[in-house]
Amino acid sequence: MKHTGGLMLVGVGGFLGSVARYGVTLLVAPVVTGFPLPTLLVNIFGSFLIGFLGELAISTTLVTPEARLFLVTGFCGGFTTFSAYMFENTALLKDGQLFYASIYLAGSIAGGFIALYTGTLLAKLWT
């Protein structure tokens with residue numbers, strides 16, 4: 462069982478990321494109806510985290526390979542929800558909500574890219 466430790470790190474991180482994602486839904490969904498804002502927010506913030514932590518893992522020794530497994534692969538993997546994003550976008554299109562589907566699609570892609578790039582830059586400035 463050579464990879465048991467890594468599997469545990471990813472599993473626990475994924476559990477915590479999934480719980481955090483559900484927490485965002487509980488907080489945000491009652492405030493905004495008719496638009497999948499919780500998923501948009503977690504995907505953008507998750508992209509930022511992956512950019513920030515990934516850059517730290519590459520450029521420094523602050524994020525160990527084990528921490529990267531736990532935080533990036535586990536937590537961020539459980540926290541971000543690309544499959545839910547695609548499902549919700551398809552549902553908007555099926556409901557004839559082309560405007561919302563377009564905003565959701567473009568906002569997720571542009572926001573995710575900007576957040577990931579910002580996280581990378583912030584990590585570089587920090588180190």
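Per my numbering, residue 462 is the first one in the sequence shown, and the count goes up by one each step. Just so it is clear, CB atoms sit at the ideal spot from N, CA and C, and this is done for glycine as well.
Taking C-alpha atoms, which residue in the options lies nearest to residue i?
| i | options | result |
| --- | --- | --- |
| F574 | L559, L510, F531 | L510 |
| A584 | L553, L559, G539, L523 | L523 |
| G495 | F560, V471, V480 | F560 |
What whole-angstrom Cβ distance do residue i and residue j have, given they're in contact under 8 Å?
| i | j | result |
| --- | --- | --- |
| F536 | G474 | 4 Å |
| L517 | T588 | 7 Å |
Where does residue i land, buried or exposed, given buried means 16+ other C-beta within 10 angstroms?
| i | result |
| --- | --- |
| V492 | exposed |
| E549 | buried |
| P526 | exposed |
| L586 | exposed |
| A576 | buried |
| F476 | exposed |
| F543 | exposed |
Spell out a yes or no on whether the segment 487-505 and the segment 559-568 are touching, meaning 3 or more CB-CB pairs, one atom from each, closer than 8 Å. yes
Of all the alpha helix (DSSP H) runs that stay within the bounds of the segment 502-567, which reach a length of 4 or more residues? 526-529, 543-555
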